[in-house]
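Colleague:
In my numbering, the protein residues as written are 3 to 147.
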């Protein structure tokens, strides 16, 4: 299997939507990312509500320390987005483990590919089997802003 990842000791990953700390996720994304800077809380809450969400948690405190969101129909399409690890938890392999958990959750659903966009984390995703598009000329985007 391409890119196995070990979950660091003292952490757990869950897809339980009740465990997501929406306020914390909003703060992280709206203040410390290039892709969601300034995103409103209402917009973030709507995104969480309409997505498959992954949280990584410190097992001792229960505090959420990382987040990833997948827009998917759980059959043919998946878009990985909003991957974020709190600065206090970085450098331990938690982000890689989180993305590996996303991959393993989606694998039995059968989508042919999981898409994502990144400006600066190609190496993290490449370790798990992501690669540049074979035919980027086949893809288009419609900007609505």
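Cβ atoms here follow ideal geometry from the backbone N, Cα and C, with glycine treated the same way. Treat the numbers as computed from the prediction; the structure is a model and nothing was measured.
(1) Can you name the start and end residues of the beta strand (DSSP E) that residue 81 belongs to?
(2) Take residue 77 and list the residues in its own chain whose beta-carbon comes closer than 8 Å to its own, dropping the five residues that flank it on each side.
(3) Using three-state DSSP, classify residue 98 as helix, strand or coil.
(4) Report whether the distance from the Cβ of residue 41 to the nearest heavy atom of the ligand HEM is below 7 Å.
(5) Distance check for residue 97 and residue 23, CA to CA, integer angstroms please.
(6) So, is residue 28 buried or exposed, given that buried needs 16 or more other C-beta atoms within 10 angstroms?
(7) Which residues mark the beginning and the end of the beta strand (DSSP E) in which residue 11 is found?
(8) Assign residue 4 to one of two classes, buried (16 or more other C-beta atoms within 10 Å of its C-beta) or exposed (fewer than that).
Modeller: Inspection of the coordinates gives the following:
(1) By one-based count along the chain shown, residue 81 stands at place 79. Taken as a continuous stretch (DSSP letters only), the beta strand (DSSP E) holding residue 81 covers 80-87.
(2) Along the chain shown, read from residue 1 onward, the residue named residue 77 stands at position 75. Cβ within range, chain order: 111, 112, 113.
(3) Mapped onto the chain shown, residue 98 falls at position 96. It is helical.
(4) The ligand HEM is absent from the structure shown, which contains no ligand whatsoever.
(5) Numbered from 1 along the chain shown, position 21 holds the residue referred to as residue 23. Numbered from 1 along the chain shown, position 95 holds the residue referred to as residue 97. Each residue's alpha carbon lies about 17 Å from the other.
(6) Taking the chain shown and counting its residues from 1, the one referred to as residue 28 is at position 26. Buried.
(7) Against the chain shown, residue 11 aligns to sequence position 9. No beta strand (DSSP E) contains residue 11, which DSSP labels as neither H nor E.
(8) Residue mapping note: residue 4 aligns to position 2 of the chain shown, counting from 1. Residue placement at residue 4 is poorly supported in this model, since its pLDDT is 47, which falls under 50; the coordinates still yield a value, given next. Looking at its Cβ environment, which holds fewer than 16 other Cβ atoms inside 10 Å, residue 4 is exposed.
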